[in-house]
Amino acid sequence: MKVDIVGAGPAGLYLAILLRKNDPVHEVRVLERNAPDATFGWGVVFSEETLGELRDADHPTYLAITDSFARWSTVDIRYRDTLLRSRGHTFSAIARRQLLAILQRRACDLGADLRFGVEAHAADLGGADLVVAADGANSLTRRAHADAFGTRVSPQGGKYVWFGTDLVLDAFRFIFTETEYGLIQVHSYPFDERTSTFIVECPEPTWRRAGLDRMSERESIEFCTELFADDLGGHRLMSNKSVWLDFPLVRNDSWHHGNVVLLGDAAHTAHFSIGSGTKLAMEDALALANALTRHDNAVPAALVDYELQRQPVVERFQQAAGQSAAYFGRVAGYTDLVPERFAFNLLTRSGRVGYANLTQRDPDLVRLVDVSFRGDGLAASPPMSAAFTLGELTVPNRVVAELPAGSTVDGLANAAGAGLVLTGLVAVRPDGRTDPTCHTLDTDDAAEPWAELAHAVHERGGRVALRLGHAGARGSVRPPAHGVDLPLRAGGWPLVAASARPYLPGGAVPTALDDAGMDAICADFAAAARRAAVAGVDLLELDAAHGYLLAGFLSPLTNRRTDRFGGADLANRMRFPLAVLAAVRAVWPGPLAVRLTVTDAAKRGSTVEVGIETAAAFAAAGAELVHVQAGQSVPDGRPEYRRGHLTELSDRVRNEARVPTVVGGYLTTTDEVNTIVAAGRADLCVLARSAAQARAAVFG
Amino acid sequence: MRVGIGLPNTVPGGARTLVDWARRADDGPFSTLGVLDRVVYDSVEAFTALAAAAAVTDRVELATMVAIAPLRTPAALAKQAASVAALAGGRFTLGLGLGGRHDDYDVSGVEHRTRGARFSEQLAYLRGAFDGAGIGPSTSFGAADSGVTLLVGGGSGPAYARMARFADGYAHGGGPPRAFGSAAHSARAAWRDLGRPGEPLLWGQGYFALGGSDVAERGAAYLRDYYAFTGPFAERIAAGGLTSARAVKDFVRGYAAEGCDELILFPAVADLDQVDRLAEALA
Chain A
932 MKVDIVGAGP
942 AGLYLAILLR
952 KNDPVHEVRV
962 LERNAPDATF
972 GWGVVFSEET
982 LGELRDADHP
992 TYLAITDSFA
1002 RWSTVDIRYR
1012 DTLLRSRGHT
1022 FSAIARRQLL
1032 AILQRRACDL
1042 GADLRFGVEA
1052 HAADLGGADL
1062 VVAADGANSL
1072 TRRAHADAFG
1082 TRVSPQGGKY
1092 VWFGTDLVLD
1102 AFRFIFTETE
1112 YGLIQVHSYP
1122 FDERTSTFIV
1132 ECPEPTWRRA
1142 GLDRMSERES
1152 IEFCTELFAD
1162 DLGGHRLMSN
1172 KSVWLDFPLV
1182 RNDSWHHGNV
1192 VLLGDAAHTA
1202 HFSIGSGTKL
1212 AMEDALALAN
1222 ALTRHDNAVP
1232 AALVDYELQR
1242 QPVVERFQQA
1252 AGQSAAYFGR
1262 VAGYTDLVPE
1272 RFAFNLLTRS
1282 GRVGYANLTQ
1292 RDPDLVRLVD
1302 VSFRGDGLAA
1312 SPPMSAAFTL
1322 GELTVPNRVV
1332 AELPAGSTVD
1342 GLANAAGAGL
1352 VLTGLVAVRP
1362 DGRTDPTCHT
1372 LDTDDAAEPW
1382 AELAHAVHER
1392 GGRVALRLGH
1402 AGARGSVRPP
1412 AHGVDLPLRA
1422 GGWPLVAASA
1432 RPYLPGGAVP
1442 TALDDAGMDA
1452 ICADFAAAAR
1462 RAAVAGVDLL
1472 ELDAAHGYLL
1482 AGFLSPLTNR
1492 RTDRFGGADL
1502 ANRMRFPLAV
1512 LAAVRAVWPG
1522 PLAVRLTVTD
1532 AAKRGSTVEV
1542 GIETAAAFAA
1552 AGAELVHVQA
1562 GQSVPDGRPE
1572 YRRGHLTELS
1582 DRVRNEARVP
1592 TVVGGYLTTT
1602 DEVNTIVAAG
1612 RADLCVLARS
1622 AAQARAAVFG
Chain B
-3 MRVGIGLPNT
7 VPGGARTLVD
17 WARRADDGPF
27 STLGVLDRVV
37 YDSVEAFTAL
47 AAAAAVTDRV
57 ELATMVAIAP
67 LRTPAALAKQ
77 AASVAALAGG
87 RFTLGLGLGG
97 RHDDYDVSGV
107 EHRTRGARFS
117 EQLAYLRGAF
127 DGAGIGPSTS
137 FGAADSGVTL
147 LVGGGSGPAY
157 ARMARFADGY
167 AHGGGPPRAF
177 GSAAHSARAA
187 WRDLGRPGEP
197 LLWGQGYFAL
207 GGSDVAERGA
217 AYLRDYYAFT
227 GPFAERIAAG
237 GLTSARAVKD
247 FVRGYAAEGC
257 DELILFPAVA
267 DLDQVDRLAE
277 ALA
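Those protein sequence lines, which keep their order, are chains A and B. Using the working numbering, the first residue of the first sequence is number 932, and each one after it goes up by one. Using the working numbering, the first residue of the second sequence is number -3, and each one after it goes up by one.
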């Protein structure tokens, strides 16, 4: 088979090695536009997992690479004048130049035809059975068929520059430095006995404020050298065509077109902050070589196999990379965290490492995190077991159980162990119910089941939160066992809402509330809050989420009023919800939570930024906790239901609006709860029954 | 997990074997006979195929997996579904989705761009206005309302929300067990987000062509052709076809482990002996 590989980076060279090794009959040409010793960047990082695969694929390469490795097991985090070390990680790195030299030599030894200083034109590649585009993130070979590959390239994360330094580190080191322009951070690691990689990164606004957008290469080195003078300790920063860049996120729907296949950065990128580009590239080479062997060099079948193997792996890395890049974009919001929790947050940023995993790697750090949740600094239990204090209220642990809609004390069966039991919606008046099974708190008698619930929960040491609200446009529907927003077939009631718009197209049209109607509902909220207090409820949660009455005022999609309660101005749209909050605050003695849709997740709806502003305004008005929700403002939004789909929103509300949060989003494991709480992404977590538990309950 | 078999209603030649296929499957270990839906292809219309199957079977359940809802008016869809439900004596599950093919929309004179909104309106109709519309045979839609079990498919956030709002469960579009598991997570998360009690039903599907390399190649050729509209994905779908008893067993085990309630295995060749070969592979 004749194979032309365009690009002599790690992916292309390693493929050449493996193909020649697997079958010396293959004619393998590697075409590289640059000289053999031209390279950009400094050192590249590997994880231990990749090394095992390399060892078995081509042992001589593996030995040559690992002989040159810098290895370490520690991550240093410099933050707020403290240096925190986390141990138990496994990293190794090598100079990119050295890696390429090893691969070039081995490829030559095995008889691959390496040609440097040649541009690969499509015409020259006509004779090959297989053309491999291994020419990097800006692959010209790929660009020739961008439509066929379905290529999408977009910038990811902040601005960054890749320097080297003659400071030899003994660990991976993150440095976070406050400047007058904003937080600027460094990702640095050693890669040989003389040199370390030193990547400087910051969000674009910080970069502009610091004037880095106008500086020359030399000025920018001087700026960074001065900024990190303490860390560099007299050592210098070195440039290798080091200019400030946007990291390009490369994705392709298909990784092959005819006999052209994409490899490494040409096919996909992740983000430098999870250091996996070279690892993924070399794994690609291995997977492609193996696929060709499995399919007896039948190119079409092998390329499909290669894609099926690699795409799911790469998608997971891209997901993690996206989370990591986003973390570094908002890290300035975490500077209030104590150092050990800041470190925990950093180490768990991409979602690949959680509490349980980190406990294996670095029990000492995790113990410090555990202890940080307890005033006495002695016994350490996992964060989910730590008490949470909100004013006068102490919740014994971080787990919240939501009672099924319509249930009271009978719903407690599934709430064992939860520190806080949260009821389903309790309506302030009968026409504010969602459905006929929805409870109300409009009479003293109606408070009886909640007194019973509070008693039962207090008996077992827990606390009770009552979710108080008004269904607004989403009222008068069948119970949720039947479906959602399905109109009652008989016995419905008239609805009220911010504006006279049905929730579902063709649904019942509510009446827009007038001043008198709003006053009456404020009074109903206050009266219900009084009854909840008498019943012994510990925490009151005002429902301003999911398109119910108060949420209907907040969202510009459902609030079409032109009076002082509506319009483009958020303060106007918040006027009625804040009036309700004030009326409740005046009579409710305990802590108050707001259940809030932080983003409408719909076209022309409220964005996350508006949601955070709303959360901050509720907090300023006396809400002490925000229960983070998203979507359902309108039925045709674009929600996301991937794993932990509300966690990042909660993180942003908690750290940008500076208010404690509760988050759910179908969390089913205690590891998720421990990780979220320890990292400061929420204070309380709603733990859902997993599908396995639900099954056990049916069959048990 | 229950395992069903697809009728060859979208496999060329399937019109000839379909009725005998249904008879044979009624004897076999299969829980359900499923059908796919496509207009611009050499295929038998989904509800028509199920009506034929209903006439020659007593035991096996029937299901659309899925029917492309927006191609029909709400009333026409309801009429077809109610008719099959009546002919099958209630042995019927209605799986609905958007499909992925522009050409089916074009020839049906239905706008592709607004298909999502149209689908939601249809579901609202099935769960609401249909009841008072006087359209028989008498039935209702939604297992929770003692009617036909309703499944909704699709892989986007809005699709999961639509499923949790209107349906009894989720119909996955196919793929390896891991992809099903990821979709199942999203379906459960949406179910919870919308405040539904319990768990959604979860249905999965796959393709098989059993009987050696020639049969496997015919199956792959069919899948490449049937999914040609997806461009490069067609090859991946073709590569995912189950061509050995062992592959079938692994696939079934993988789906069961991910919490699938019902797995329908669709034929990629229409030969009648495929029913027996699949029954053997499952034994």
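Each residue gets a CB set at the ideal place from its N, CA and C atoms; glycine is no exception.
Proximity of Tyr1479 (chain A) to chain B, defined by a Cβ-Cβ separation below 9 Å, is not satisfied. Annotation for His98 (chain B): no beta strand (DSSP E) segment contains it, though the alpha helix (DSSP H) segment containing it runs 98 to 104. Considering only beta carbons, the part of the region 117 to 150 of chain B lying closer than 7 Å to chain A consists of Glu117, Ala120, Arg123, Gly124, Asp127, Gly138, Ala140, Asp141, in chain order. Taking a contact to require three or more Cβ pairs closer than 8 Å, the region 1110 to 1121 of chain A and the region 1246 to 1266 of chain A qualify as touching. Approximately 5 Å separates the beta-carbon atoms of Ala1358 (chain A) and Thr1371 (chain A); this is inside 8 Å, confirming the contact. Along the region 1220 to 1250 of chain A, the positions whose C-beta sits under 9 Å from a C-beta of chain B are Pro1231, Ala1232, Leu1234, Val1235, Asp1236, Glu1238, Leu1239, Gln1242, Pro1243, read in chain order. Counting of Cβ neighbours within 10 angstroms places His1386 (chain A) among the exposed residues, the total staying below 16. One finds Ala120, Arg123, Gly124, Gly138, Asp141, Arg161, Phe162 in chain B with Cβ atoms closer than 9 Å to the Cβ of Leu1417 (chain A), taken in chain order.
For the C-beta of Ser1185 (chain A), the chain B residues within less than 8 Å are, from N- to C-terminus, Gly227, Pro228, Phe229. Membership of Gln118 (chain B) in the alpha helix (DSSP H) is indicated by the continuous run 111 to 122. CA-CA distance, Ala234 (chain B) to Val211 (chain B), rounds to 13 Å.
Between the region 1602 to 1617 of chain A and the region 1315 to 1323 of chain A, the count of C-beta pairs closer than 8 Å reaches three or more; the two stretches touch. For Thr145 (chain B) and Gly2 (chain B), the gap between their C-alpha atoms comes out near 18 Å. Closest by C-alpha distance to Val976 (chain A), out of A:Ile948, A:Pro1121, A:Leu1324, is A:Pro1121. Put simply, the backbone Cα of Phe88 (chain B) is about 15 Å away from that of Leu259 (chain B). In this structure, Ala175 (chain B) lies away from Pro1570 (chain A), with their beta-carbon atoms at least 9 Å apart. When DSSP reads this structure, Ser978 (chain A) sits in a beta bridge with A:Phe1022. Separation of Asp1582 (chain A) and Gly1208 (chain A) (C-alpha to C-alpha, rounded to the nearest whole angstrom) is 27 Å. The C-alpha of Phe43 (chain B) is placed about 8 Å away from the C-alpha of Thr60 (chain B). In terms of Cβ geometry, Ala1064 (chain A) and Val1269 (chain A) do not form a close pair [threshold 9 Å]. Interface residue (Cβ-Cβ distance to chain A less than 9 Å): His108 (chain B) is not classified as such.
Met(-3) (chain B): not part of any alpha helix (DSSP H); DSSP gives it neither H nor E.
At a cut-off of 9 Å between beta-carbon atoms, Gly1568 (chain A) makes contact with chain B. Here Gly1350 (chain A) is buried. Its C-beta has 16 or more other C-beta atoms within 10 Å. Put simply, the CB of Asp221 (chain B) is far from chain A, with every gap to its CB atoms at 9 Å or more.
Straight-line spacing of the CA atoms in Ala1102 (chain A) and Ser999 (chain A) works out to 16 Å.
Tyr156 (chain B) reaches chain A at Pro1570, Tyr1572, counting residues in chain order whose Cβ is nearer than 8 Å. By the criterion of at least three beta-carbon pairs nearer than 8 Å, the region 1447 to 1461 of chain A is in contact with the region 1508 to 1522 of chain A.
Runs of the alpha helix (DSSP H) lying entirely within the region 1530 to 1618 of chain A, each at least 4 residues long, are 1539 to 1551, 1578 to 1587, 1601 to 1609 in chain order.
Rounded to whole angstroms, the separation of the alpha carbons of Val1539 (chain A) and Asn1490 (chain A) is 18 Å.
Relative to Gly10 (chain B), the option among B:Val35, B:Met(-3), B:Ala45 whose CA is nearest is B:Ala45. Between Val103 (chain B) and Ala266 (chain B), the gap from beta carbon to beta carbon reaches 9 Å or more. Under the Cβ criterion of 9 Å, Tyr1597 (chain A) is counted among the residues facing chain B.
Runs of beta strand (DSSP E) with 3 or more residues, each lying fully within the region 1433 to 1493 of chain A, are found at 1470 to 1475, listed in chain order. Among the residues facing chain A, Arg232 (chain B) is included, as its CB has a counterpart in that chain under 9 Å away. The secondary-structure analysis by DSSP pairs Cys1039 (chain A) with nothing; it has no beta-bridge partner.
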